[in-house]
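Trainee: The following block contains the structure, expressed as structure tokens.
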Ligand code: GLN
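Numbering (my numbering), first residue to last: 452 to 995.
Pasting the structure below:
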């Protein structure tokens with residue numbers, strides 16, 4: 452039977468609860484247990500799909516096509532367990548389902564209420580399909596005391612009552628701030644946060660105390676005393692050098708041992724060799740490369756979380772440090788060659804990531820041209836591939852007015868809206884003027900690669916499966932002129948209708964993909980496209 456570990460946060464947001472959950476799951480997994488991590492998001496959006504990356508960071512897409520919180524990316528990268536739609540729930544989804552049932556008359560005239568109807572739905576979500584698991588870790592978004600989070604806190608309180616202490620643990624993540632003027636760490640915010648939580652009926656079993664200076668033993672004892680937990684269950688969580696060293700650090704502080712003790716379980720020591728290996732690769736690189744990422748949401752790195760990590764993984768695969776320069780595409784909007792050269796000449800590789808809308812698109816197209824003309828490794832992802840096709844159309848296929856219908860009406864729609872595509876269930880159709888939420892081609896789809904292409908060498912395969920999130924596609928009607936201009940369509944959807952990959956055989960490394968390979972890269976298995984791109988950047992660095 453699965454045991455449940457509920458993770459709440461207190462004092463402030465951004466304490467890294469997601470990483471904490473991912474790290475604890477990785478440690479339990481390294482001891483041989485089967486784990487799954489779930490995320491409760493208290494906001495009212497049905498999913499983060501319609502939220503701005505500035506508000507919420509990246510939207511993480513699962514194999515089964517769910518648009519989810521970026522923490523699910525950490526979960527996958529740390530545990531290798533592919534997340535599903537059923538691993539992320541929001542208040543919006545819970546209320547939508549309940550109201551649909553209410554309208555259908557399913558409640559047989561009863562008054563529909565937060566307790567028990569909303570809390571029952573949350574409990575059912577936590578316990579759904581968990582039979583084959585040893586541990587289910589449930590992270591509650593936000594901070595204890597948030598009004599919208601209350602039904603979730605209430606639901607986990609009820610679960611403790613129903614399943615017992617032996618099957619549930621409460622881990623509370625808090626902040627122990629350092630006050631420079633006093634030269635001391637302060638435990639009071641943690642005490643207040645735990646008091647707030649106990650006021651809601653939850654006594655935490657383990658406290659994970661984020662701190663920027665080592666937590667003195669006396670403070671540990673004080674927190675234990677005031678917060679009613681064992682001293683050994685007060686786990687210091689000192690700021691880490693890199694996210695990949697967090698599991699090792701928490702293990703050294705006794706987190707996984709304390710969790711097992713809580714459940715009365717004994718297990719062999721965890722096998723952490725693969726964690727030691729990636730931390731070593733990350734912290735002792737044998738060289739470095741600089742990659743320019745020309746995008747729109749460069750002000751907030753969470754907007755490109757998985758991309759950032761996938762580049763780091765590509766660096767680990769090649770034992771080099773990857774310096775990422777986030778470049779605002781709007782800088783190149785005027786197509787000023789000197790300006791572009793000043794920014795892009797120092798780069799060993801240029802990447803144009805996914806994105807939405809016209810803003811910055813001319814700058815992205817100008818960056819593709821620079822990479823193509825100068826022979827600099829180029830990697831275009833989703834919108835980046837579409838921009839590479841528009842650049843190719845304009846500058847190597849003589850289609851001067853090439854554009855995307857995403858940017859407005861055009862006489863040369865080299866990129867156009869997808870209105871039909873095949874799924875495992877059959878033909879999927881979209882109305883051009885439908886709702887924005889849930890109208891994209893989402894999730895894992897197969898693609899077939901040309902046997903003699905650069906990408907098939909990189910993958911070592913001719914059938915691949917990758918995750919998608921797009922509403923537009925490269926228009927296959929332009930295949931001939933684009934290929935005559937040197938841009939080869941080297942991967943297509945199995946029905947041969949949707950271009951999935953383009954490449955330039957006359958260039959050292961020029962690849963554009965319609966999907967998001969960054970979503971499937973893991974530190975232990977760097978994605979072949981990222982490993983290959985960074986290897987090409989290493990070569991480029993030698994030439995410069
Ligand atoms: N905006 C483009 C589309 O909808 C690209 C999407 C993306 O980069 N994820 O097709």
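Note that CB positions come from ideal geometry on N, CA and C, so glycine has one too.
#1: Can you look up residue 785 in the DSSP assignment and give me helix, strand or coil?
#2: Got a sec? Which residues, its chain only, sit under 8 Å from residue 673 by beta carbon, not counting five neighbours each side?
#3: Sorted by chain position, which residues of the same chain lie with C-beta nearer than 7 Å to residue 741's C-beta, five sequence neighbours on each side aside?
#4: Once you ignore the five residues that flank residue 474 on each side, which residues in its own chain have a CB closer than 7 Å to its CB?
#5: Would you mind working out which of 804, 783 and 548 sits nearest residue 758, comparing C-alpha positions?
#6: Check whether the Cβ of residue 969 sits closer than 8 Å to any heavy atom of ligand 1, and report yes or no.
#7: Can you tell which of 627, 756 and 556 has its C-alpha closest to the C-alpha of residue 640?
#8: So what's residue 908 in DSSP terms, helix, strand or just coil?
#9: Decide if residue 487 is buried, meaning its Cβ has at least 16 other Cβ atoms within 10 Å, or exposed.
#10: Quick one: what does DSSP say residue 539 is sitting in, helix, strand or coil?
#11: Since residue 969 and residue 949 are thought to touch, with beta carbons under 8 Å apart, how far apart are those beta carbons, to the nearest angstrom?
#12: Within 10 Å of its beta-carbon, does residue 670 have 16 or more other beta-carbons around it, so buried, or fewer, so exposed?
#13: Measure the alpha-carbon distance for residue 859 versus residue 967 and round it to whole angstroms.
#14: Taking the alpha helix (DSSP H) that residue 769 belongs to, which residues open and close that run?
#15: Any chance the CB of residue 834 is under 8 Å from a heavy atom of ligand 1?
#16: Name the two residues that bound the continuous alpha helix (DSSP H) containing residue 648.
#17: Quick one: what does DSSP say residue 863 is sitting in, helix, strand or coil?
#18: By a C-beta neighbour count over all protein chains shown, 10 Å radius and 16 as the cutoff for buried, is residue 767 buried or exposed?
#19: Nearer than 8 Å: is that true of the beta carbon of residue 808 relative to any heavy atom of ligand 1?
#20: Helix, strand or coil: how does DSSP classify residue 741 here?
#21: So, for residue 866: in the same chain, excluding its five sequence neighbours on each side, which residues have a beta-carbon less than 6 Å away from its beta-carbon?
#22: For the segment 954-962 against the segment 741-752, do three or more pairs of beta-carbon atoms, one drawn from each stretch, fall closer than 8 Å, so that the two count as touching?
#23: Starting from residue 659 and walking both ways along the beta strand (DSSP E), at which residues does that stretch end?
#24: Report yes if the CB atom of residue 736 is closer than 9 Å to the CB atom of residue 772, and no otherwise.
#25: According to DSSP, which residues form a beta bridge with residue 897?
#26: Does any heavy atom of ligand 1 sit closer than 8 Å to the C-beta of residue 896?
#27: Quick one: measure Cβ to Cβ for residue 462 and residue 625, integer angstroms, because I've assumed they're closer than 8 Å.
#28: Taking only heavy atoms of ligand 1 into account, decide whether any of them is closer than 8 Å to the Cβ of residue 609.
#29: Let me know the secondary structure DSSP gives residue 833 once reduced to three states.
#30: For residue 753, I'd like the list of residues in its chain whose CB is within less than 6 Å of its CB, leaving aside the five on either flank, ordered along the chain.
#31: Mapping the DSSP letters down to three states, classify residue 973 as helix, strand or coil.
#32: Would you kindly work out how many angstroms separate the C-alpha atoms of residue 610 and residue 552, rounded to a whole number?
#33: Compute every distance between the C-beta of residue 923 and the non-hydrogen atoms of ligand 1, then say whether any falls below 8 Å.
#34: Quick one: grab the DSSP three-state call for residue 452.
#35: Would you mind giving the Cβ-Cβ distance between residue 781 and residue 810, rounded to the nearest angstrom? I have them listed as a contact below 8 Å.
#36: Any idea which residues DSSP pairs residue 630 with across the strands?
Mentor: Straight from the coordinates:
#1: coil
#2: 638
#3: Leaving aside the five residues that flank residue 741 on each side, the residues in its chain whose CB is nearer than 7 Å to its CB run, in chain order, 774, 776, 797, 798 and 799.
#4: 529, 697, 698 and 701
#5: 804
#6: Of the heavy atoms belonging to ligand 1, none sits nearer than 8 Å to the Cβ of residue 969.
#7: 627
#8: helix
#9: Under a 10 Å Cβ-count criterion, residue 487 is classified as buried, with 16 or more other Cβ atoms of the shown protein chains found around its own Cβ.
#10: strand
#11: Contact between residue 969 and residue 949 is ruled out by a C-beta separation of about 20 Å, above the 8 Å threshold.
#12: buried
#13: 24 Å
#14: Taken as a continuous stretch (DSSP letters only), the alpha helix (DSSP H) holding residue 769 covers 756-769.
#15: yes
#16: 639-650
#17: The three-state secondary structure of residue 863, taken from DSSP, is strand.
#18: buried
#19: yes
#20: strand
#21: Excluding residues within five positions, the ones whose Cβ falls inside 6 Å are 837, 855, 923 and 925.
#22: no
#23: 657-662
#24: yes
#25: 916
#26: no
#27: 5 Å
#28: no
#29: coil
#30: Once the five neighbours on either side are set aside, the close Cβ partners of residue 753 are 508.
#31: Strand, per DSSP.
#32: 23 Å
#33: yes
#34: If DSSP states are grouped into helix, strand and coil, residue 452 belongs with coil.
#35: 7 Å
#36: 635
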